[in-house]
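Peer 1: The sequence shown runs contiguously to residue 493 in this note's numbering.
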Amino acid sequence: MIHYKAIAKIMGGLLMLLGLLMLPGIGFSYYYESGDQVPLIYSAFVSMAMGAILFFSFSKQDQNIRKREGYLIVALSWVFMSLFGMLPFLVSGTITSLPDAIFETVSGLTTTGASILNDIEALPKGILFWRSMTQWIGGLGIIVLTVAIFPLLGIGGIELFVAESPGPTSDKLHPRIRETAKRLWYVYVGLTVVCIGLYFLGGMSFYDAINHALTTMATGGFSTKNASMAYYDVPFIQYVAILFMFLAGTNFTVIYFGLVGKFDRVWKSDEFKAYVLVVALIIVAMAIPVYLFSDLGVEKAFRDTAFQVVSLLTTTGFVTADYTSYGHGLTILFFLLLFVGGCAGSTSGGIKFIRHLTFFKNTILEFKRIVHPRAVVPLKINGDRVTGKIITHIMNFLLIYLMVFVMGSVVLSVFGYDMLTSFGAVATCLGNVGPAIGKVGPLDNFSFFDPFTKLFLSFIMLLGRLELFTILVLFSPYFWRAN
């Protein structure tokens, strides 16, 4: 039997936390006199009030959270966060359509970065900051944050952490799950602060530096400028963005081990080594034709290519150049980057390097098994044997991911959108990237879609952010059967 009252209490705690996180934007509203402090205050009050009602109404409930409750809490939390997170947009009138508000909020919380806004710079400063904050909240996951700083909930944190954390790995920094979550957030916050400082030194205003650092570390891609990062055509700023997008796409446990001097643990990670190698090779391979077939100088061609490759591969979605203008061949290659993703345990979306690596290694071993059918050839990652259960899980994930992409593209095509736009929109929303190809390229946005399509793509974004199974398992009859 599912403990619904316990779930309601936790939803209350999450809503109170969400309301608190709306408050910093009020300071920017007063400082810049942008006139949006009242909508933020009202939205924060409504979120905290509803959260308090749920939390204290069920404060004495048993908080024994099992796997089923864990997955249900994670799925519902993103729905609740989206519904209450859109209040500042609706109350302030910056977004008047409900489907548009849902799309923009889900895009923020899932760190997709796709937008329906045509003039971002016209938004009030407080609302614009909240828009960036939604991505920072969703970056490492609101559930991980809650497990880290909300022990008063008294829940079994491991179930939430497993359901929320991306990727098939289960590396932990500390045997206690709450300590693991805390240390991940220390890394996350620390890198964000450093990123703010470097952006500011590079010439960004303090306000823009904060906003861009929040969305960089979240691999979200929301910008305070209509031209995204192309507005800052400054080598220092763009190289800082490349570095921190790359770090945000790295497994945070690997970053932590590097910071504490455990470099043997860093280089033990096969995924991290593959990540570094593949990113470097792709940048070099694509920078050469960009330089040869454009009028850009060597440094500019390298910088633009490196920026777009890292931005798309880590699912950040910042833009400094129109990569669809490089020719059909390179456009296809950039499109394929939407299906890569960063490392497991990072803030990026997508399929993740660990799955690609496992699939590639297992394919190579299959050839060996064909030649030597009686040989026992185990698959190893980081020196450890990968069980058949994990391999099956990864193969199923890849197949379902492909099916969702194909079926989603068919749905958009049925509703009258051209093939390139359908492929691009579903691929970028499923991978939580932002820009794609077709009419949703790097210079476009999603405002032209009809309301149903925006809601459908919002669901696709949630599927991608929670790695398919967390959402799809709720549609299985086995999930709801009493045990």
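Glycine residues also receive a C-beta, built at the ideal position from the N, C-alpha and C atoms.
Distance, Cα to Cα, residue 319 vs residue 362?
Peer 2: Spanning the two alpha carbons is a distance of roughly 15 Å.
Peer 1: I need the straight-line Cα distance from residue 435 to residue 126, nearest angstrom please.
Peer 2: Cα-Cα distance, rounded: 13 Å.
Peer 1: Return yes when the Cβ of residue 441 is within less than 7 Å of the Cβ of residue 323, no when it is not.
Peer 2: Going by C-beta atoms, residue 323 is not nearer than 7 Å to residue 441.
Peer 1: Excluding sequence positions up to five away, which residues of its chain have a Cβ less than 6 Å from the Cβ of residue 38?
Peer 2: Excluding sequence neighbours, residue 38 sits near 135, 136 and 139.
Peer 1: Kindly confirm or deny that the segment 48-62 and the segment 84-103 touch, where touching means at least three C-beta pairs closer than 8 Å.
Peer 2: Contact holds: three or more Cβ-Cβ distances are below 8 Å.
Peer 1: Out of 403, 379, 330 and 393, which has the shortest C-alpha to C-alpha gap to residue 365?
Peer 2: Considering only alpha carbons, the answer is 403.
Peer 1: Establish whether the CB of residue 245 and some CB of chain C are separated by less than 7 Å.
Peer 2: Among the protein chains of the structure shown there is no chain C, as only one such chain exists.
Peer 1: DSSP three-state label for residue 395, please.
Peer 2: Three-state result, residue 395: strand.
Peer 1: Classify residue 219: buried if its beta carbon has 16 or more other beta carbons within 10 angstroms, exposed otherwise.
Peer 2: Answer is buried; the Cβ neighbour count reaches 16.
Peer 1: Let me confirm a value: residue 222 is counted as buried when at least 16 other C-beta atoms fall within 10 Å, else exposed. Which label applies?
Peer 2: With 16 or more Cβ atoms within 10 Å of its Cβ, residue 222 is classed as buried.
Peer 1: Looking at the strands, I want to know which residues DSSP matches up with residue 390.
Peer 2: 395.
Peer 1: Quick check: what's the CA-CA separation for residue 385 versus residue 375?
Peer 2: Rounded to the nearest angstrom, the two C-alpha atoms are 11 Å apart.
Peer 1: In chain order, which alpha helix (DSSP H) runs of at least 4 residues are fully inside the segment 22-83?
Peer 2: Within the segment 22-83, the complete alpha helix (DSSP H) runs of at least 4 residues are 34-42 and 47-67.
Peer 1: Between the alpha carbons of residue 292 and residue 304, how many angstroms are there, rounded?
Peer 2: Cα-Cα distance, rounded: 18 Å.
Peer 1: If you draw a straight line from the alpha carbon of residue 249 to that of residue 317, how long is it in whole angstroms?
Peer 2: Approximately 8 Å between the Cα atoms of the pair.
Peer 1: If you follow the alpha helix (DSSP H) that residue 365 is part of, which residue opens it and which one closes it?
Peer 2: Here the alpha helix (DSSP H) through residue 365 covers 363-381.
Peer 1: Do residue 123 and residue 144 have their C-beta atoms within less than 7 Å of each other?
Peer 2: Contact: no.
Peer 1: Give the secondary structure of residue 429 by DSSP, where H, G and I count as helix, E and B as strand, and everything else as coil.
Peer 2: Residue state, collapsed to three classes: helix.
Peer 1: Would you kindly check if the distance between the Cβ of residue 142 and the Cβ of residue 225 is under 7 Å?
Peer 2: Contact: yes.
Peer 1: Could you work out which residue in 391, 449 and 283 is closest to residue 352 when comparing CA atoms only?
Peer 2: Comparing Cα-Cα distances from residue 352 to each of 391, 449 and 283, the minimum goes to 283.
Peer 1: Throw me the rounded Cβ distance for the residue 424 and residue 327 pair, which I believe falls under 8 Å.
Peer 2: Between residue 327 and residue 424 the Cβ distance is about 26 Å, and since that is not below 8 Å, they are no contact.
Peer 1: Of all the options 20, 110 and 114, which has the alpha carbon lying nearest to the alpha carbon of residue 87?
Peer 2: The option with the nearest alpha carbon to residue 87 is 20.
Peer 1: From which residue to which residue does the alpha helix (DSSP H) around residue 294 run?
Peer 2: Segment 280-302, the alpha helix (DSSP H) holding residue 294.
Peer 1: I'd like the span of the alpha helix (DSSP H) that includes residue 464, first residue to last.
Peer 2: Looking at the DSSP string, the run of the alpha helix (DSSP H) that includes residue 464 is 461-475.
Peer 1: Can you say whether residue 513 is buried or exposed, counting buried as having 16 or more other CB atoms within 10 angstroms of its CB?
Peer 2: With the chain covering 11 to 493 only, the question about residue 513 has no answer from this structure.
Peer 1: With DSSP run on the structure shown, which of helix, strand or coil describes residue 243?
Peer 2: It is coil, neither helix nor strand.
Peer 1: Looking at the structure shown, is residue 457 part of a helix, part of a strand, or coil, going by DSSP?
Peer 2: It is coil, neither helix nor strand.
Peer 1: Hey, residue 452 and residue 333 are a contact pair by Cβ (cut 8 Å); roughly how many whole angstroms apart?
Peer 2: With a Cβ gap of about 6 Å, residue 452 and residue 333 count as contacting.
Peer 1: Less than 7 Å separating the beta-carbons of residue 335 and residue 255?
Peer 2: No, the pair does not count as a contact, with Cβ atoms beyond the cut-off.
Peer 1: For residue 439, which of helix, strand or coil comes out of DSSP?
Peer 2: If DSSP states are grouped into helix, strand and coil, residue 439 belongs with the helices.
Peer 1: The alpha helix (DSSP H) with residue 313 in it runs from where to where?
Peer 2: Residues 308-323.
Peer 1: Kindly indicate which three-state DSSP category residue 338 falls into: helix, strand or coil?
Peer 2: Three-state DSSP puts residue 338 in a helix.
Peer 1: Taking C-alpha atoms, which residue in 196, 330, 277 and 275 lies nearest to residue 251?
Peer 2: Checking every option, the nearest Cα to that of residue 251 belongs to 330.
Peer 1: Could you have a look at residue 275 and say whether DSSP puts it in helix, strand or coil?
Peer 2: DSSP places residue 275 in helix when its eight states are reduced to three.
Peer 1: Specify the secondary structure class of residue 326 as computed by DSSP and reduced to three states.
Peer 2: Note: residue 326 maps to coil in three-state DSSP.
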